[in-house]
Amino acid sequence: MKKPSLTEACQCSSLTCDGAMGTQLIQLGMQLDECGMLWNAERPDDIKSVHQAYRSAGCRLITTNSFGGSRSMLERHGLGGKVAEWNRRAAQLAGEVAGPDGWVIGDVGPFGDFLEPLGDTTPEELEAIFREQISALVEGGADAILVETMSDPAELCVGIQAARSVTELPVIATYAFQKSAGEYRTMMGTKVAAAITAAYDAGASIAGANCGTDLSLADYLELAKEIVAAADGRPTILQPNAGAPRQVGAEVHYDATPADMAELTSQLRALGISIVGGCCGTSPAHLAAMAKV
Numbered sequence: 005m006k007k008p009s010l011t012e013a014c015q016c017s018s019l020t021c022d023g024a025m026g027t028q029l030i031q032l033g034m035q036l037d038e039c040g041m042l043w044n045a046e047r048p049d050d051i052k053s054v055h056q057a058y059r060s061a062g063c064r065l066i067t068t069n070s071f072g073g074s075r076s077m078l079e080r081h082g083l084g085g086k087v088a089e090w091n092r093r094a095a096q097l098a099g100e101v102a103g104p105d106g107w108v109i110g111d112v113g114p115f116g117d118f119l120e121p122l123g124d125t126t127p128e129e130l131e132a133i134f135r136e137q138i139s140a141l142v143e144g145g146a147d148a149i150l151v152e153t154m155s156d157p158a159e160l161c162v163g164i165q166a167a168r169s170v171t172e173l174p175v176i177a178t179y180a181f182q183k184s185a186g187e188y189r190t191m192m193g194t195k196v197a198a199a200i201t202a203a204y205d206a207g208a209s210i211a212g213a214n215c216g217t218d219l220s221l222a223d224y225l226e227l228a229k230e231i232v233a234a235a236d237g238r239p240t241i242l243q244p245n246a247g248a249p250r251q252v253g254a255e256v257h258y259d260a261t262p263a264d265m266a267e268l269t270s271q272l273r274a275l276g277i278s279i280v281g282g283c284c285g286t287s288p289a290h291l292a293a294m295a296k297v
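Just so we're aligned: the sequence shown equals residues 5 to 297 in our numbering.
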């Protein structure tokens with residue numbers, strides 16, 4: 005029996021996406037200034053171990069280790085020539101774990117600069133950057149493309165357009181929000197309703213948020229209400245951090261427990277969020293508790 009598309013699955017059941025990759029790789033020894041994409045080539049078993057931990061926790065959406073996999077980001081490490089190879093490998097590694105009833109989510113993060121007029125990059129140049137990465141993720145076996153952690157709706161929309169130009173796979177689009185003067189906005193100042201509407205208008209299949217600047221679990225719940233309202237019945241996703249980060253010496257701590265995240269998941273499902281996952285600070289233990297909900 006053929007596996008349904010992710011958008012089809014969202015219409016008939018709730019789904020759990022996985023949690024933080026960077027947090028897990030740091031625990032395995034990755035340095036903060038290290039290129040995480042390098043691990044797809046040099047430490048593939050460690051990447052698969054993280055994927056497997058989330059899959060075993062009950063996550064059916066397995067996200068590729070490719071957040072910083074665009075040419076513009078890899079060139080910061082002198083590795084721009086590895087875009088195609090390492091993104092294909094990222095999707096293949098996730099696919100080896102996702103299984104027949106899981107989905108490989110091809111991860112595309114911010115390109116690391118600003119579009120004109122704040123920066124020097126044109127929309128056409130950015131679309132080419134995203135298209136190169138997305139093409140490789142599709143070649144590697146991705147079941148959907150995730151354009152995530154975006155602050156500028158214009159950048160996010162270019163990412164969606166790039167995906168649509170190379171594949172008919174579902175496109176998930178998520179922003180990072182912060183709270184300012186009692187309102188949730190992106191770093192560029194865009195309110196939730198406008199940001200989410202822009203994503204769907206650009207062709208996103210599923211839209212929502214991941215991450216957030218100093219947001220509490222209560223903040224994520226309020227943010228979810230605005231996302232669901234803006235989605236107007238269309239599929240949504242929320243991947244909160246494990247609470248607001250707290251600096252302890254040289255380390256960053258996230259205090260939300262698995263039980264806390266499970267309670268939040270119950271509330272998010274009651275609101276109608278289609279896909280729930282985790283972001284910074286979440287672990288397989290958090291996601292196991294969330295998946296049970």
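We put the beta carbon where it would ideally sit given N, CA and C, even for glycine.
task = Mind the definition here: the segment 145-162 touches the segment 74-84 only if three or more C-beta pairs lie below 8 Å; say whether that holds.
result = no
query = Between S18 and R238, which are expected to be in contact by the criterion C-beta below 8 Å, what is the C-beta distance as a whole number of angstroms?
reply = Between S18 and R238 a beta carbon distance of about 15 Å is seen, past the 8 Å cut, so the two are scored as non-contacting.
inquiry  = Starting from V256, trace the beta strand (DSSP E) in both directions and tell me its first and last residue.
reply    = That run of the beta strand (DSSP E) goes 255-258.
request  = State yes or no: is the C-beta of A199 nearer than 7 Å to some heavy atom of the ligand ADP?
outcome  = As for the ligand ADP, it is missing from this structure, which has no ligand bound.
task = Please determine, among G212, D236, Q251, the residue with the shortest C-alpha to C-alpha distance to D218.
result = Q251
query = Across which residues does DSSP place A19 in a beta bridge pair?
reply = Just to set this straight, residue 19 is Leu in the shown sequence, not Ala. Note: L19 sits in a beta bridge opposite I279.
message = As a quick exercise: from L291, E46, A102, E38, pick the residue whose alpha carbon is nearest that of G82.
response = Here the closest residue by C-alpha is E38.
task = Write down every uninterrupted run of the alpha helix (DSSP H) in the segment 154-237 whose length is 4 residues or greater and which is fully enclosed by it, in chain order.
result = When DSSP assignments are scanned along the segment 154-237, the uninterrupted stretches of alpha helix (DSSP H) that are 4 or more residues long and fall wholly within it turn out to be 157-170, 196-206, 221-235.
ask   = Along the chain, which unbroken stretches of the beta strand (DSSP E) at least 3 residues long are found entirely within the segment 30-105?
value = 65-67
query = Around the C-beta of T126, are 16 or more other C-beta atoms found within 10 angstroms, so that it is buried, or is it exposed?
reply = exposed
request  = Just mark H132 as buried or exposed, buried being the case when its beta carbon has 16 or more other beta carbons within 10 Å.
outcome  = According to the sequence displayed, residue 132 carries Ala and not His. Counting C-beta atoms within 10 angstroms of its own C-beta, A132 has fewer than 16 neighbours from the protein chains shown and is therefore classed as exposed.
key: Buried or exposed by the 16-neighbour rule on C-beta atoms within 10 Å, applied to C14   = Counting the other CB atoms within 10 Å of its CB gives C14 a total of 16 or more, which places it among the buried residues.
ask   = From what residue to what residue does the beta strand (DSSP E) around L119 run?
value = Counting along the chain, L119 falls outside any beta strand (DSSP E), and DSSP gives it neither H nor E.
task = Give me the Cβ distance between L242 and I277, rounded to the nearest whole Å; I'm assuming they're in contact under 8 Å.
result = 5 Å
task = Give the secondary structure of D147 by DSSP, where H, G and I count as helix, E and B as strand, and everything else as coil.
result = Coil.
task = List the residues that DSSP assigns as beta-bridge partners of T303.
result = Absent from the model: residue 303. The displayed extent of the chain is 5 to 297, so no value can be given.
request  = Look at the Cβ atom of C161, then the Cβ atom of N214, and state whether they are nearer than 8 Å.
outcome  = Not a contact, by the Cβ cut-off of 8 Å.
query = Thinking C-beta only, is A45 closer than 8 Å to W90?
reply = yes
request  = Tell whether a beta-carbon distance below 8 Å holds between G207 and I149.
outcome  = no
Spatially closest choice to L32 from C16, L42, D50, by CA coordinates = Out of C16, L42, D50, the CA that lies nearest to the CA of L32 is found in D50.
task = Return the bridge partner residues of Q243 from the DSSP annotation.
result = N214
task = Taking 8 Å as the cut-off, decide whether the C-beta atoms of V297 and T261 are in contact.
result = no
task = Assign C16 to buried or exposed, taking buried as 16 or more other Cβ atoms, counted over all protein chains shown, within 10 Å of its Cβ.
result = exposed
query = Cα separation between A233 and E187?
reply = 15 Å
request  = Could you tell me the boundaries of the alpha helix (DSSP H) in which P249 lies?
outcome  = P249 -> not in any alpha helix (DSSP H); beta strand (DSSP E) instead, spanning 249-252.
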